[in-house]
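Residue numbers (this note's numbering): 1 to 1218. In this text, a Cβ means the ideal position worked out from N, Cα and C, and glycines have one as well. What follows is a short report on a single structure.
Here you go:
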């Protein structure tokens, strides 16, 4: 049964010849739609294109591979339905070279094909990330050293202002950051020049034209709108029954004053400052009766908050006089000019260093392709090159997956190879801005949103189609997501308004199983008293981890187990560990704690971490040994290796060495070896170690790193030792990965032990650490723990979103210098002489913008986390002071509409604040509302919302009591472990027995062929009778061989003649000889083959009635036709069961066949000698072979074979087989 598409999906699939933006919500089947669109484009009856005329751009290599596989499967399915359609076979052949790839793969293809356009050495290679970081580090040190030698005043002032006293690491990081931002733009140098000149402010006109001042106006307007919203909410409370009506007039007066300030925004900085300075704070009138005190307090708090925000605008953005603002900005210009010049110098030197090593990095891939595809004319306008025209002509359409994660460079590249400049837009862009979570990689979701807001929903050259049905999740999950995000996601925070066009609609058809509870669970863990001894033993993370472990335990071990839909079988089954995933914003600091909590409940779990590999014991030991090989006079690595299993010294033995001689550890060891007795065990150990160390040092001078490490494993047996340690499988896999990293290092431009150590140390320094080796597969029955980013594109039956109370990471906002793609560079004005600094307007505006983008990104990350769930969603968070948090959450009440006010959203510091601010407005939020006294006051929204959510407040003491009940005593746990081991041992024993006793069901097929010729089949069914045929004796080679052809070769010669001879030829010996001579001249027959032909036999055939029948059917006659037909193995092998489904491919060549009266006559030529009267024996001998010919013809032609005739050429007789 084919896939059933919705009307919107069909519209996406069939809409052509335009720029089409598809806003595809989570789980909307965008990949299936994209594949179907491609299939229809290559199979269109009226306007079909070849698949290599499409450029399909994916976000990852894995996505490209999956896309290619899906397209291949779809084409193969079409071929099954219509096997004779040649076009489909052609597309399948073209698929391997189709342009389905990442943007970097496409750019690399452009570079390799047109390297001459940019004078690039074609033998370049892509540098390893770690190698490039080493190279960057070397270049940075060189240019900073060069600047110190020059010691210009501006440089020294810059260092004094921004560098730490101990090192230049901060300066290096600033240069790398600015370089990264600049290279995310099509013209890095232009970007740097533009934004440094933005700081060169001389007067008010310069300021008003600066990007950051425009941002200031926009932010001021937004803040004033929020203030008006707060005051409007306060006014609405005054109008409630029992509301503080006496506040109404004052509130309206405040609103009027704020609106007047908003009108000044177009009149410049000075007028705005004057308006803020003249704002009059009014006193709220007093009244003792006739209102609810809670509503009064709420209204007053909103008014006070509005006044505070207005004061904040004034104090932060408009406190200083215009001249002071300009002077502060101008004061940073020189400092930032130094940084920009350093960045330019770094870019130049880094580029030169890469060219010397003939390597390129990922930024180069994009920028080199850009240089090949576009150029700037005399007016500095972007123009496509001739190479871009070639690709533009080649690609009928450009399809971009995950478009929301594109950046400006990628956008320019893909636009350059499109047909848009010829007024024939042909870009298909699919994505979901709500899932844009790669801002830290400098992705620009604004590209998506610009098109989203400008493209028409009606038919046009620039059209937008929304896919809002979710085919992944149950209604319970979708209702949860919609409930939360209708309130917390907006254009201002999240970059999209979560309205009817953005909400998820149920598209999946799940059965509602009464015995299974699919309702969303929200669990909040809180600590009642920090001084409680029971609670103080556990951190907040540990308490939350125990809660998660309890949830998993209950899912798996409850009486009525949850049922989930199996993706493979399509049937419902009981939930397993592998159906559950725990998602975290970041795994750092959480995974070990959660793994421990799960382990306490005997829950198997796995996490693929991205850090910690180089911190494992086995890797640290190897690194210490390599440090000794490089330089043995290092005490800490030496002691570490001596204590490790490689040497195996005890603590007291180390003390004995160190105290025996007043020298460094290495010298003390040498002295001890020289002065010890032969029978001294410690001396023997040290002597053996020194021999090995000297050997390793000697071979390290010429041996590649991977071979050196393997040699260390061989001589020390450390590789085998670690396999016997606790968690040995993982440790051994880590050491294997260590060898792989050494192999990667050897492919770089660096060599030697010293540089390998630097290679690893820079991985630590620049946070390129990797996770431990993977020893589990996706199918293992384990609970998975992963980051939300890693889960993108995946789906799981049960999703536990944990650590919701973790604070947002605002570290980037606290840097001394901040950068932004649009607003440029901002820093404090530093007066290093008087030792003070002032935050400048550019830095302030960049921080405000960064904060907005951070909140939007975090909100989208939360959306991605929740949309991974297929059947059940569990939300877990922990708080320290529940009452204080509850008061904050209740600030979201009293809104005029569905959406929570921006002031609340912007002031949230974690996911839990957003979720609880929304949840508290639902009737089920009663428990929290009662806790802080908000239950009986104000409107409670969403009374009719379909949300099914089970809310739990779990105190730390209750949680620990529950855990203690489950775990009981330590002895009970050990008994449980022993019983589990016994069960596992029994299972292993059973598996071993089954393997030893295993009997292959198709043993007779072991020696069978997958493919056979018809002659092989005939020999299998050879009848054993004295049939009167002439038997040919086989002579041993030493007797000598007769000259001439073998019987098989003669048969081949006859078949060539029967294939090429003109059937209408006058049957005479002279004509036959002339025909054979002609075939020899055409190199169809050899001289030896011509001599072997009996001309009279050919002449007799031409005289035969069979030849005359063939002449009559000359239009349908086909000769020497090859075929392949599938035959069940059970038909060929009698000892096989009839139910066996193995197929053997039987191939052969049909000598001739033709159509007669609508049916087929099959002819086969034989050169066997047969006596007169024994023709039937010939038919019996070849009956099985003829049966396969007949079967193949009927299957291929779809017509009945009415006759099967064998023509015996040597006897000149025809034998009727059927």
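For residue 155 versus residue 166, is the C-beta spacing smaller than 7 Å? Going by C-beta atoms, residue 155 is not nearer than 7 Å to residue 166.
Taking 6 Å as the limit between beta carbons, can you name the residues of its chain near residue 889, skipping five residues before and five after? Beyond the five residues adjoining it in sequence on each side, residue 889 comes within less than 6 Å, by CB distance, of 916, 917, 920 in the same chain, given in chain order.
Alpha carbon to alpha carbon, how far is residue 532 from residue 957? In this prediction, residue 532 scores a pLDDT of 47, lower than 50, which makes its location untrustworthy; the coordinate-derived value is nonetheless stated afterwards. About 9 Å.
Residues near residue 865 by beta carbon distance below 6 Å, same chain, minus five either side: Taken in chain order, the residues that qualify are 583, 788, 801.
In its own chain, which residues sit with a C-beta less than 7 Å from the C-beta of residue 1256, not counting the 5 before and 5 after it? With the chain represented from 1 up to 1218, any question about residue 1256 goes unanswered, as that position is not in the structure.
Just to confirm the assignment, what range does the beta strand (DSSP E) spanning residue 376 have? Looking at the DSSP string, the run of the beta strand (DSSP E) that includes residue 376 is 374 to 376.
Burial state of residue 665, where buried means 16 or more other Cβ atoms lie within 10 Å: With 16 or more other Cβ atoms from the protein chains shown falling within 10 Å of its own Cβ, residue 665 counts as buried.
Which term fits residue 551, buried or exposed, when burial requires 16 or more other beta carbons within 10 angstroms of its beta carbon? Its Cβ being crowded by 16 or more others within 10 Å, residue 551 is buried.
At which residue ranges does the stretch 326 to 409 contain complete alpha helix (DSSP H) runs of 4 or more residues, listed in the order of the chain? Runs found: 362 to 373, 386 to 394.
Just verifying my parser: in three-state terms, what is the DSSP assignment at residue 249? When DSSP states are grouped into helix, strand and coil, residue 249 belongs to the helix group.
Which residues share a DSSP beta bridge with residue 1214? 1207, per the DSSP bridge assignment.
Smallest Cα separation from residue 566: which of 559, 558, 575, 560? When each option's Cα is compared against that of residue 566, the closest is 575.
Would you please state the rounded distance, in angstroms, between the beta carbons of residue 619 and residue 130? I believe it to be under 8 Å. Wrong, their Cβ atoms sit about 15 Å apart, outside the cutoff.
What distance in whole Å lies between the Cβ atoms of residue 126 and residue 360, which are believed to be in contact at a cut-off of 8 Å? With a Cβ gap of about 6 Å, residue 360 and residue 126 count as contacting.
With a threshold of 6 Å on Cβ separation, who are the neighbours of residue 1122 within its own chain once the five nearest residues in sequence on each side are excluded? So the list reads 1149, once near-sequence residues are dropped.
Beta-carbon contacts of residue 240 that lie in its chain and below 7 Å, excluding the five residues immediately before and after: Answer for residue 240: 295, listed in chain order.
May I ask you to list the residues that DSSP assigns as paired with residue 1238? An answer regarding residue 1238 cannot be provided, because it is not within the stretch 1 to 1218 covered by the chain.
Does the Cβ of residue 1042 have 16 or more other Cβ atoms within 10 Å, making it buried, or fewer, making it exposed? For residue 1042, the pLDDT reaches just 45, beneath the cut-off of 50, and the residue's location in the model is therefore unreliable, although a value from the coordinates is still provided. Classification of residue 1042: exposed, given that the 10 Å Cβ count is below 16.
Within 10 Å of its beta-carbon, does residue 717 have 16 or more other beta-carbons around it, so buried, or fewer, so exposed? That one is exposed.
Beta carbon of residue 262, beta carbon of residue 224: below 7 Å? In this structure, residue 262 lies near residue 224, with their beta-carbon atoms less than 7 Å apart.
Taking the straight line between their C-alpha atoms, what separation do you get for residue 783 and residue 873? So the alpha carbons of these two residues sit roughly 15 Å apart.
Taking C-alpha atoms, which residue in 931, 720, 577 lies nearest to residue 1222? Because the chain spans 1 through 1218 in this model, residue 1222 falls outside it and cannot be assessed.
Decide if the stretch 83 to 102 is in contact with the stretch 51 to 71; the criterion is three or more beta carbon pairs, one per stretch, under 8 Å apart. Three or more Cβ pairs closer than 8 Å define a contact, and the stretch 83 to 102 meets that threshold against the stretch 51 to 71.
What does the alpha-carbon distance come out to for the pair residue 322 and residue 839? Spanning the two alpha carbons is a distance of roughly 15 Å.
Take every Cβ of the stretch 212 to 228, pair it with every Cβ of the stretch 878 to 887, and state whether three or more of those distances are shorter than 8 Å. The stretch 212 to 228 makes no contact with the stretch 878 to 887; the number of CB pairs closer than 8 Å stays below 3.
Check this for me: beta carbons of residue 892 and residue 807, under 7 Å apart or not? Cβ distance not < 7 Å, so residue 892 and residue 807 don't count as in contact.
In chain order, what residues of the same chain have a beta carbon less than 6 Å from the beta carbon of residue 492, not counting five sequence neighbours either side? Its chain contains 902 as the residues whose beta carbon lies nearer than 6 Å to that of residue 492, once the 5 sequence neighbours on both sides are disregarded; these appear in chain order.
Whether or not the stretch 174 to 187 and the stretch 304 to 314 are in contact is what I'm after, with contact meaning three or more pairs of Cβ atoms, one per stretch, closer than 8 Å; do they touch? Because the criterion of three Cβ pairs below 8 Å is not met, the stretch 304 to 314 and the stretch 174 to 187 do not touch.
To which residues does DSSP link residue 819 through a beta bridge? Under the DSSP definition of a beta bridge, residue 819 partners with 825.
Return the chain-ordered list of same chain residues with a C-beta closer than 6 Å to the C-beta of residue 671, the five sequence neighbours on each side being excluded. 661.
In DSSP terms, what residue 955 is bridged to: According to DSSP, residue 955 bridges with 526.
Please classify residue 160: is it buried, with 16 or more other beta-carbons within 10 angstroms of its beta-carbon, or exposed? Counting C-beta atoms within 10 angstroms of its own C-beta, residue 160 has fewer than 16 neighbours from the protein chains shown and is therefore classed as exposed.
Please classify residue 631: does DSSP put it in a helix, a strand, or coil? Residue 631 falls in the coil class under three-state DSSP.
Would the beta-carbon of residue 1178 fall within 7 Å of that of residue 1172? Contact: no.
Using a Cβ-Cβ cutoff of less than 6 Å, which residues in the same chain neighbour residue 817 once the five nearest sequence positions on both sides are dropped? 174, 827.
As an exercise, report each continuous alpha helix (DSSP H) stretch of at least 4 residues that is fully enclosed by the stretch 1028 to 1109, in chain order. With a minimum length of 4 residues, the unbroken runs of alpha helix (DSSP H) contained wholly in the stretch 1028 to 1109 fall at 1047 to 1060, 1069 to 1081, 1087 to 1092, 1095 to 1103.
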